[in-house]
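Trainee: My questions all concern the structure below.
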Amino acid sequence: MNCEKCNSWLRLSDIKDEVIYGMASFLHISCPSSACQHISLVPTRKKSNGKGFDINYKVCLAMINADMGPSHVNNFLTGCNIPPVDASTLPAEASCKEAQREELECSESSELEGSFDAGRQKRGSDWSYNSHTGHASLIGVNTGKVVEFDVRTRNCSICQYHIGKNEPKPPHECNVNWTGSSKGMEPDIACSMIQRLAEDGYTVGTLHADNDATSQSRLPRSIIKKDDKTHVKKNISKRLYGLSKNYKQLKSA
164 MNCEKCNSWL RLSDIKDEVI YGMASFLHIS CPSSACQHIS LVPTRKKSNG KGFDINYKVC
224 LAMINADMGP SHVNNFLTGC NIPPVDASTL PAEASCKEAQ REELECSESS ELEGSFDAGR
284 QKRGSDWSYN SHTGHASLIG VNTGKVVEFD VRTRNCSICQ YHIGKNEPKP PHECNVNWTG
344 SSKGMEPDIA CSMIQRLAED GYTVGTLHAD NDATSQSRLP RSIIKKDDKT HVKKNISKRL
404 YGLSKNYKQL KSA
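Per the numbering used here, the sequence shown runs over residues 164 to 416.
Structure below.
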């Protein structure tokens with residue numbers, strides 16, 4: 164860590180204040196140089212494109228994927244001796260509605276442009292399709308905020324508990340909303356999010372995503388599909404490493 168002004172080394176013993184943002188924070192560290200004394204803001208976690216902290220996004224997605232609520236998350240964090248997260252930090256439908264309005268205001272056209280990606284409980288590329296849950300989010304390219312998110316689950320803990328005991332299931336809010344394959348979760352979530360945005364009066368004009376052919380084929384043809392650069396780099400690198408096994412000259416020295 165270096166001073167923002169004079170580039171001197173900063174010391175944790177010179178921390179003057181800490182501003183907490185969910186699971187991350189900014190440390191206000193005073194420069195040890197007597198000629199400077201500048202207060203530098205040092206983030207404790209990685210940020211996404213200068214927007215929010217990655218750890219906060221991951222906690223929200225983990226909460227949705229594990230079918231947990233804010234109280235469950237805070238009970239877990241408290242047990243790990245980690246400061247709990249305020250419920251207002253977690254995603255809500257109201258915050259997504261506000262993000263949709265902000266994204267449209269920042270857009271140069273009357274259509275939204277977003278980045279879509281999905282994940283499953285059991286990660287895998289083209290071979291692991293037995294996950295019980297899946298989640299996805301649509302992030303506006305201008306604001307970097309989540310404008311829509313959704314989750315699919317094939318299991319309900321309450322149902323499984325009573326089925327295992329051969330008991331009738333009591334009336335409850337069942338979490339099961341998917342009966343198909345794990346691979347089919349991503350295109351279904353993509354279509355449902357586009358449909359919900361349309362019902363709210365928003366049209367998605369451009370969508371940045373991975374090159375999943377199934378998802379692209381099910382989306383409206385009017386949407387411009389662009390490959391996400393991160394996935395493109397990953398696929399190209401994977402192919403190059405594969406070629407290097409047969410062509411030694413491609414290997415780095």
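Even glycine gets a Cβ: it sits at the ideal position worked out from N, Cα and C.
These figures come from a predicted structure and were not determined experimentally.
Rank P334, I202, C169, G327 by C-alpha distance to the C-alpha of F189 and give the top, closest one.
Mentor: Along the sequence shown, one-based indexing puts residue 189 at 26. Per the Cα distances, I202.
Trainee: What does the Cβ neighbour count give for W290, buried or exposed, with the cut at 16 atoms within 10 Å?
Mentor: Within the sequence shown, the letter at position 127 stands for residue 290. Note on W290: pLDDT 49, under 50, position unreliable in the model; the coordinate value appears next. W290 is exposed by the Cβ-count criterion.
Trainee: Say whether the segment 238-251 touches the segment 270-284, bearing in mind that this needs 3 or more beta-carbon pairs closer than 8 Å, one atom from each stretch.
Mentor: With a cut-off of 8 Å, the segment 270-284 and the segment 238-251 do not count as touching, because too few Cβ pairs lie within range.
Trainee: Rounded to the nearest angstrom, how far is the Cβ of S196 from that of K179, given a contact under 8 Å?
Mentor: The count along the sequence shown starts at 1 and reaches residue 196 at position 33. The count along the sequence shown starts at 1 and reaches residue 179 at position 16. Contact doesn't hold; Cβ gap of about 15 Å is too wide.
Trainee: At the level of alpha carbons, what is the spacing between A416 and C169?
Mentor: The count along the sequence shown starts at 1 and reaches residue 416 at position 253. The count along the sequence shown starts at 1 and reaches residue 169 at position 6. In this predicted model, A416 has a pLDDT of only 47, less than 50, meaning its place in the structure is not dependable; the value taken from the coordinates is given anyway. Computed Cα separation, rounded: 38 Å.
Trainee: If you draw a straight line from the C-alpha of I387 to the C-alpha of V367, how long is it?
Mentor: By 1-based counting over the sequence shown, the position of residue 387 is 224. By 1-based counting over the sequence shown, the position of residue 367 is 204. The straight-line gap from Cα to Cα measures roughly 9 Å.
Trainee: Rank G327, E349, N318, T342 by C-alpha distance to the C-alpha of E336 and give the top, closest one.
Mentor: To locate residue 336, count along the sequence shown from 1; it is residue 173. Checked all of G327, E349, N318, T342; the closest Cα to E336 is N318.
Trainee: In whole angstroms, what separates the C-alpha of N293 from that of G343?
Mentor: Counted from its first residue, the sequence shown places residue 293 at position 130. Counted from its first residue, the sequence shown places residue 343 at position 180. Distance between the alpha carbons of N293 and G343: 11 Å.
Trainee: Can you find at least 3 beta carbon pairs, one from the segment 344-356 and one from the segment 325-336, that sit closer than 8 Å?
Mentor: Result no; under three Cβ-Cβ pairs closer than 8 Å.
Trainee: In the DSSP assignment, find the beta strand (DSSP E) that holds S378 and state where it starts and stops.
Mentor: Residue mapping note: residue 378 aligns to position 215 of the sequence shown, counting from 1. Looking at the DSSP string, S378 is not in any beta strand (DSSP E); the run it does join, the alpha helix (DSSP H), is 376-381.
Trainee: Quick one, which of W172, E362, I352 has its alpha-carbon nearest L382's?
Mentor: Taking the first residue of the sequence shown as position 1, residue 382 is located at position 219. Considering only alpha carbons, the answer is I352.
Trainee: Mind listing, in chain order, the continuous beta strand (DSSP E) runs of no fewer than 3 residues lying wholly within the segment 270-350?
Mentor: The qualifying runs are 275-283, 296-303, 309-316.
Trainee: Assign L224 to one of three DSSP states: helix, strand, or coil.
Mentor: As a first step, residue 224 must be located in the sequence shown, where it is residue number 61. Correct three-state label for L224: helix.
Trainee: Just tell me which of V205, T306, H298, T296 has its CA closest to the CA of A183.
Mentor: The count along the sequence shown starts at 1 and reaches residue 183 at position 20. A small correction: the amino acid at residue 183 is Ile; Ala does not occupy that position in the sequence shown. Closest by alpha carbon: V205.
Trainee: How about the segment 354-363 and the segment 308-327: do they share at least three Cβ pairs that are nearer than 8 Å?
Mentor: Yes: at least three Cβ pairs fall under 8 Å.
Trainee: Going straight from the alpha carbon of L267 to that of L275, what length do you get?
Mentor: The residue given as residue 267 occupies position 104 in the sequence shown. The residue given as residue 275 occupies position 112 in the sequence shown. Their backbone Cα atoms lie some 6 Å apart in a straight line.
Trainee: Nearest by alpha-carbon distance to A299: which of I227, K260, G232 is it?
Mentor: Locating residue 299 in the sequence shown gives position 136, counting from the first residue. Comparing Cα positions, the closest option is I227.
Trainee: Give me the residue from S272, D177, S378, G307 with the minimum Cα distance to Y220.
Mentor: Here the question's residue 220 lines up with position 57 in the sequence shown. Of the listed residues, the one whose Cα sits closest to Y220 is G307.
Trainee: May I ask you to report which of helix, strand or coil DSSP gives A424?
Mentor: Lying outside 164 to 416, the shown extent of the chain, residue 424 is not represented and no answer is given.
Trainee: Which of the three DSSP states is assigned to E268 in this structure?
Mentor: Position 105 of the sequence shown, counting from 1, holds the residue named residue 268. In the structure shown, E268 sits in a helix (DSSP, three-state: H, G or I).
Trainee: Could you check the C-alpha separation between P246 and N238 for me, to the nearest Å?
Mentor: Here residue 246 is taken as the residue at index 83 of the sequence shown, counted from 1. Here residue 238 is taken as the residue at index 75 of the sequence shown, counted from 1. Approximately 10 Å between the Cα atoms of the pair.
Trainee: Output yes or no for whether 9 Å exceeds the beta carbon distance between K389 and A372.
Mentor: Here residue 389 refers to the residue found at position 226 when the sequence shown is read from its first residue. Here residue 372 refers to the residue found at position 209 when the sequence shown is read from its first residue. Against a cut-off of 9 Å, the Cβ pair of A372 and K389 comes out as a contact.
Trainee: Grab the span of the beta strand (DSSP E) containing H371 for me, first residue to last.
Mentor: Walking along the sequence shown from the start, residue 371 turns up at place 208. Counting along the chain, the beta strand (DSSP E) containing H371 begins and ends at 367-372.
Trainee: Name the two residues that bound the continuous alpha helix (DSSP H) containing V236.
Mentor: Within the sequence shown, the letter at position 73 stands for residue 236. Where V236 is concerned, the enclosing alpha helix (DSSP H) stretches over 233-242.
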